[in-house]
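Undergrad: Note that the sequence shown covers residues 344 to 611 in this note's numbering. Ideal Cβ placement from N, Cα and C applies to all residues, glycine included. Handing you this structure, nothing more for now.
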Amino acid sequence: MLEIERLTRRFGEKTAVDGVSLSIPAGQMVGVIGRSGAGKSTLLRMLNRLTEPSAGRVLFDGTDITALRGQALRDWRMRCAMIFQQFNLVQRLDVLTNVLVGRLNRRPVLTSLLRMFTAQERAMALAALDRFDLAETALQRADTLSGGQQQRVAIARALLQEPRIILADEPIASLDPRNARTVMDALRGVNRDGITVLVNLHDLATARDYCDRIVALNAGRVVFDGPPPALTAQRIREIYGVTEEEFAEEAAAAVGAPPPRHPAIAAA
Ligand SMILES: Nc1ncnc2c1ncn2[C@@H]1O[C@H](COP(=O)(O)OP(=O)(O)OP(=O)(O)O)[C@@H](O)[C@H]1O
């Protein structure tokens with residue numbers, strides 16, 4: 344269980360996340376939506392302490408994550424893997440090594456530096472790649488892969504951390520619809536294995552299709568929290584003051600994604 348209690352982050356005068364409280368049961372897939380600047384990235388980044396909260400707490404199974412220091416903080420970051428919009432692979436390294444990077448934090452510094460991995464770790468990495476139909480790319484350089492393949496490599500790398508939670512910040516914003524689907528299928532697949540997934544999405548239709556729960560942010564605050572069918576086009580209008588179509592186009596532009604081809608205007 345992840346408990347977020349009145350979590351707040353200020354940047355100077357700006358309050359990016361403003362007293363957010365959420366209880367997220369283990370194994371849930373939560374889509375976080377909101378306009379550009381609503382605080383989605385800041386919220387996710389506070390959960391694994393890439394960004395420090397100004398106030399509030401995060402508890403995981405009763406442990407206060409916001410108070411962790413040193414090794415305990417490193418352990419938490421391992422259990423709470425991040426996926427980024429731009430994949431963050433080492434382009435000149437082969438795919439297998441990129442996946443094995445997920446093990447680095449789990450090992451002593453020297454073996455990490457030498458990038459020495461056990462046969463068991465290599466087998467784990469290959470199995471993770473195989474699961475996403477990428478085993479045959481293991482020895483290719485990462486930069487020879489498509490965006491969708493690279494993002495699935497990033498998910499495989501995250502799995503090598505043996506995480507309890509995956510935090511994905513706009514994981515499909517740079518992908519075409521087909522690749523976006525393969526990445527969302529991969530995330531949903533690992534979620535079905537019991538890993539909690541929090542995913543920032545600009546695309547409402549995707550959030551509806553894949554998530555158990557949608558949290559909508561506006562100006563750093565939670566303005567909707569419920570099951571996808573409850574987030575109707577009418578609710579979007581009430582919350583954001585725009586049609587769902589306008590919301591979709593604006594959100595896509597904010598993350599540099601192509602405009603939606605089929606805005607889910609009547610999804611509800
Ligand atoms: N390091 C920072 N320094 C100053 N202001 C920041 C910083 N990070 C975020 N902000 C501000 O906090 C607010 C929330 O930003 P955040 O990136 O979390 O929003 P977002 O919903 O993820 O939007 P986007 O999709 O455009 O990234 C914005 O006004 C942003 O300018």
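Within its chain, find whatever has a CB closer than 8 Å to the CB of GLN428; leave out the 5 residues flanking it on each side and keep chain order.
TA: On the sequence shown, residue 428 is found 85 positions in, with the first residue counted as 1. If we look at GLN428 and ignore the five residues flanking it on each side, its Cβ neighbours are ASP512, GLU513, PRO514, ALA516, SER517 and VAL598.
Undergrad: Check whether the region 401-421 and the region 472-486 are in contact - that is, three or more C-beta pairs closer than 8 Å.
TA: They do not touch, by the three-pair rule.
Undergrad: Determine, using beta-carbon pairs with one atom in the region 370-377 and one in the region 550-561, whether at least three such pairs fall under 8 Å.
TA: The answer is yes - the region 550-561 touches the region 370-377, with three or more Cβ pairs under 8 Å.
Undergrad: Could you give the first and the last residue of the continuous beta strand (DSSP E) run that contains ALA359?
TA: Taking the sequence shown and counting its residues from 1, the one referred to as residue 359 is at position 16. Here the beta strand (DSSP E) through ALA359 covers 357-367.
Undergrad: With a CB to CB cut of under 7 Å and the five nearest residues on each side skipped, what residues in its chain are close to ASP407?
TA: Translated into positions along the sequence shown, residue 407 becomes position 64. Hits under 7 Å: ARG400.
Undergrad: Between ALA550 and ligand 1, is there a pair consisting of the residue's CB and a ligand heavy atom that are separated by less than 7 Å?
TA: The count along the sequence shown starts at 1 and reaches residue 550 at position 207. Checking the Cβ of ALA550 against ligand 1 gives no.
Undergrad: Below 8 Å on the Cβ atoms is my contact criterion, and I expect SER397 with ARG352 to pass it. Report the Cβ-Cβ distance as a whole number of Å.
TA: For the purposes of this step, residue 397 is identified with residue 54 of the sequence shown, where counting begins at 1. For the purposes of this step, residue 352 is identified with residue 9 of the sequence shown, where counting begins at 1. Contact flag correct, Cβ pair sits at about 5 Å.
Undergrad: DSSP on ARG507, reduced to helix/strand/coil?
TA: Taking the first residue of the sequence shown as position 1, residue 507 is located at position 164. Note: ARG507 maps to coil in three-state DSSP.
Undergrad: Around the C-beta of GLU356, are 16 or more other C-beta atoms found within 10 angstroms, so that it is buried, or is it exposed?
TA: Translated into positions along the sequence shown, residue 356 becomes position 13. Exposed: under 16 other Cβ atoms inside 10 Å.
Undergrad: Does ligand 1 have even one heavy atom less than 7 Å from the beta-carbon of PHE354?
TA: Taking the first residue of the sequence shown as 1, we reach residue 354 at position 11. Checking the Cβ of PHE354 against ligand 1 gives yes.
Undergrad: Do you know offhand how far ALA381's Cα is from ASN441's?
TA: The residue you call residue 381 lines up with position 38 of the sequence shown. The residue you call residue 441 lines up with position 98 of the sequence shown. Straight-line Cα distance between these residues: approximately 32 Å.
Undergrad: Apply the 10 Å Cβ neighbour rule to PRO606 and answer buried if 16 or more other Cβ atoms are within range, or exposed otherwise.
TA: Numbered from 1 along the sequence shown, position 263 holds the residue referred to as residue 606. Residue confidence for PRO606 is low, a pLDDT of 46 falling below 50, so the modelled location carries little weight; the figure read from the coordinates is stated next. That one is buried.
Undergrad: Does DSSP classify GLY490 as helix, strand or coil?
TA: Counted from its first residue, the sequence shown places residue 490 at position 147. It is helical.
Undergrad: What residue range is occupied by the uninterrupted alpha helix (DSSP H) comprising THR549?
TA: As a position in the sequence shown, residue 549 is number 206, starting the count at 1. First-last of the alpha helix (DSSP H) with THR549: 547-553.
Undergrad: Do the CB positions of ARG301 and GLU593 come within less than 8 Å of each other?
TA: Past the boundaries of the shown model lies residue 301; the chain is included only from 344 to 611, so the question cannot be answered.
Undergrad: Check whether the region 386-393 touches the region 516-536, counting contact only when three or more Cβ pairs, one atom from each stretch, lie closer than 8 Å.
TA: At 8 Å Cβ cutoff, the stretches do not touch.
Undergrad: Thinking ASP568 and LEU387 are a contact (beta carbons under 8 Å), I'd like their distance in whole angstroms, please.
TA: As a working note, residue 568 is residue 225 in the sequence shown. As a working note, residue 387 is residue 44 in the sequence shown. Not confirmed; about 16 Å, so no contact.
Undergrad: Is it the case that the CB of THR406 approaches a heavy atom of ligand 1 more closely than 7 Å?
TA: By 1-based counting over the sequence shown, the position of residue 406 is 63. Flag unset: Cβ of THR406 not near ligand 1.
Undergrad: Given this structure, state the Cα-to-Cα distance separating ALA462 from LEU530, to the nearest angstrom.
TA: Within the sequence shown, residue 462 is the residue found at index 119, counting from 1. Within the sequence shown, residue 530 is the residue found at index 187, counting from 1. In a straight line, the C-alpha of ALA462 is about 26 Å away from that of LEU530.
Undergrad: Please indicate yes or no: does the CB of GLY569 lie closer than 7 Å to some heavy atom of ligand 1?
TA: On the sequence shown, residue 569 is found 226 positions in, with the first residue counted as 1. Not under cutoff, so the answer is no.
Undergrad: Can you tell me whether SER517 sits near ligand 1, meaning its C-beta is under 7 Å from at least one heavy atom of the ligand?
TA: As a working note, residue 517 is residue 174 in the sequence shown. False, no ligand heavy atom lies under 7 Å from that Cβ.
Undergrad: Residues in the same chain with beta-carbon distance under 7 Å from GLN642, minus the five sequence neighbours each way, listed in chain order, please.
TA: Past the edges of the chain, shown from 344 to 611, lies residue 642, and the structure says nothing about it.
Undergrad: Can you name the residues that DSSP bridges to ALA398?
TA: In the sequence shown, residue 398 corresponds to position 55, counting from 1. Its beta-bridge partners are THR351.
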